[in-house]
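Residues 853 to 1320 (my numbering) are what the first sequence spells out, left to right. Heads up, the thing below is written out as structure tokens.
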Amino acid sequence: MSLKLYNTLTRTKEDFVPIDPANVRLYVCGPTVYDYAHIGNARPVIVFDVLFRLLRHVYGADHVTYVRNITDVDDKINARAVRDYPGVPPVEAIRTLTETTYGQFQADVAALGCLPPTFTPRATEHVATMVALIERLIARGYAYAAEGHALFHVPAMKAYGALARRSLDDMIAGARVDVAPYKRDPMDFVLWKPSSDDEPGWPSPWGRGRPGWHIECSAMSLDTLITPSGGGFQCDDPLKNTFDIHGGGIDLVFPHHENEIAQTSCALGTPRMANVWMHNGFLQVEGEKMSKSLGNFTTIRDLLADWPGEVLRLTMLRSHYHQPIDWTVRGMEESWRVLDDWYAVTADAGEGAVAPAVLDALADDLNTPKAIAELHGLKQQPAALAATLRMLGFLADTPAAWAARRPAADVDAAAVNALVAARLAARKAKNFAESDRLRDELAALGVTLKDGKDPATGEPVTTWEAKR
RNA sequence: GGCCACGUGGCGGAGUGGUUACGCAGCGGAUUGCAAAUCCGUCUACGGGGGUUCGAUUCCCUCCGUGGCCUCCA
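Set out below in structure tokens:
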């Protein structure tokens, strides 16, 4: 099967060729853990989970390494820790905040049907590698120390801007940043910055401080994906200092990913860091940009209170990952209806194989809307439908558990059963006025009836369920 | 201001230089005492204007609209 992926680096859809088919390596930028993740954060998590599952299917479950980092050092974290844990020593407050928040994140994404990545490194556990990377960059003339900072000197790198496709002139022309006096060039970015006593800090050749934003991903991908495969500081082989796929939100293209590339490629002598760069599009809520001021800042946790995780997952995958998506209640309702149908169709399904048509759609740059269309075509093949849905991270519930997820009206089952029996008797006696009256009465209680016939005897039978 | 995406039927959403996916809703039929559920069938589209072409929703230009990035936001 040939897998095609759109590569931001080349702006084209390319055939995916792993560096080592026995170990396909994927890195995705993970959460900064200071608050509940919002529904926009869920998009890359779900999209790259589908990619992870597809890669595992194609190359084998043991031949894919998926890394999603945890950013647990960040100024927003520091600020939140001070706010939420007054009186607690900062280091302790930060640890409590990041551990708590990451626990929430893990629970949220598990509910969304996402597999755990192979590794989930924390930035704070890779500071030594960050320091080593910065030292290497300084030694090779790509970075310099100034006033307790270490900075990457952008003009030292010829290819800078290749991912974002913008020239230095463009960036300077559009610059709206205050240029710190210790910068040699306005575009230079921070690799390391000094910490005050109540901020998290680590010893370094430039004094006690903490990493800049971008260096952590260079360090964690190096430690988890490059060094274990024979690359790293002791290796100048560009092929060994590159991994396969790097993913994240479209907003990370610049400056985050551009700077990651600058750091890793200049430190390790590799031209591109990762062969394929994938970026998911943004999400709006009910047609508006999601923001706290508009009051439509929607967390995954809030949505999970009212909607099954699989509903959120399907809603996310009904749009191609590259397209913008408008997140609406109507969209979630439609997803729920579709999943109800799939759960019903697959209730008694046996063992089946994953449908090739769905795999083909996924192999075409993760065309999940096309894949879903193909799923609709599998209703006559319940076993294949079930196997394919499971491969995509659906059907984790039993049919009964799924049905129970819909908030039901609070009804007295014995009373309902009595009314249903009375109606059945009335129908048998052809007293339809009475049977319709009983049906209306049940409807008023929030009970929906399903009439049918016993397949063996032909006797009329009625089942019911409570709707919300 | 600079750079970059996107704009498909009532709604969601693929795709393609010429046979108008798929889903939800709607409508029609089967079924039903009547309904519900189910099954079958079915209507509606490619932002505006130019251009290339035998032919464009699909390629090019332009305008309009929406959104993103421009130092720490998926």
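Think of the CB as a built atom: it goes at the ideal place given N, C-alpha and C, for glycine as much as any other residue.
Reduced DSSP secondary structure (H/G/I, E/B, other) of residue i
i, result
"V940", "coil"
"D1176", "Residue identity check: residue 1176 is Pro in the sequence provided, not Asp. Reduced to three states, the DSSP call for P1176 is coil."
"N1283", "coil"
"W1044", "strand"
"V897", "helix"
"F1004", "strand"
"F971", "strand"
"N930", "helix"
"V885", "coil"
"K1231", "coil"
"V1272", "helix"
"A1260", "coil"
"V925", "coil"
"W1054", "strand"
"E1037", "It is Asp, not Glu, that sits at residue 1037 in the sequence shown. Coil."
"I871", "coil"
"C966", "coil"
"S1145", "coil"
"Q1086", "coil"
Counterpart residues of residue i in DSSP-defined beta bridges
i, result
"K865", "Y858"
"P1063", "W1044"
"H979", "Per the sequence shown, the amino acid found at residue 979 is Val instead of His. V979 pairs with nothing; no bridge assigned."
"G1100", "H1131"
"E1140", "V1137"
"H890", "T1151"
"A998", "H1001"
"A1126", "F1095"
Contact under 8 Å by Cβ, residue i with residue j
i, j, result
"D914", "V885", "no"
"L1020", "F1004", "no"
"G1133", "H1174", "yes"
"L985", "Q1136", "no"
"V1206", "L1227", "no"
"D901", "L857", "no"
"W1054", "G1064", "no"
"M1142", "T1150", "yes"
"P973", "D1075", "yes"
"A975", "E1068", "yes"
"R1165", "Q956", "no"
"V1187", "R1170", "As written in the sequence, residue 1187 is Ser, which differs from the Val given in the question. Yes; because the gap between Cβ atoms is below 8 Å, this pair is in contact."
"K1319", "G1298", "yes"
"G1322", "N921", "Since the first residue of the chain shown is 853 and the last is 1320, residue 1322 is not available in this structure."
"V919", "M853", "no"
"L1276", "R1291", "no"
"A1002", "A991", "no"
Residue i - containing beta strand (DSSP E), residue span
i, result
"P1312", "1312-1318"
"T1300", "1299-1305"
"V1163", "Element bounds for V1163: not the beta strand (DSSP E) but the alpha helix (DSSP H), 1161-1169."
Element boundaries [alpha helix (DSSP H), containing residue i]
i, result
"R992", "Here R992 belongs to no alpha helix (DSSP H), and DSSP marks it neither H nor E."
"M1184", "1181-1197"
"P1234", "1234-1243"
"T1094", "Unbroken run through T1094: none, as it is neither H nor E."
"R920", "Element bounds for R920: not the alpha helix (DSSP H) but the beta strand (DSSP E), 916-920."
"V1210", "1208-1215"
"R1153", "1152-1158"
"L1247", "No alpha helix (DSSP H) holds L1247; DSSP gives it neither H nor E."
"L1329", "Look at the range of the chain in this structure, 853 to 1320, and you will see that residue 1329 is not part of it."
"I1113", "1110-1120"
Quick test of the definition: if touching needs 3 or more C-beta pairs under 8 Å, does the segment 980-997 touch the segment 1177-1185?
The answer is no - the segment 1177-1185 does not touch the segment 980-997, with fewer than three Cβ pairs under 8 Å.
Three or more C-beta pairs under 8 Å: does that hold for the segment 1122-1133 against the segment 1097-1111?
Contact holds between the segment 1122-1133 and the segment 1097-1111, because three or more Cβ pairs, one in each stretch, are under 8 Å apart.
On the three-pair Cβ rule with 8 Å, is the segment 890-899 touching the segment 953-968?
Remark: three or more beta-carbon pairs, one from each stretch, lie closer than 8 Å, so the segment 890-899 and the segment 953-968 are flagged as touching.
Segment contact, 8 Å Cβ cut-off, at least three pairs: the segment 1237-1255 with the segment 1191-1199
Yes: the two stretches touch, three or more of their Cβ pairs being nearer than 8 Å.
Taking 8 Å as the threshold, find out whether the segment 871-882 comes into contact with the segment 1087-1096 through three or more Cβ pairs.
Judged by Cβ distances under 8 Å, the segment 871-882 makes contact with the segment 1087-1096, as three or more pairs qualify.
Tell me whether the segment 1255-1262 and the segment 940-955 touch, counting them as touching only if at least three CB pairs, one residue from each stretch, are closer than 8 Å.
No: fewer than three Cβ pairs fall under 8 Å.
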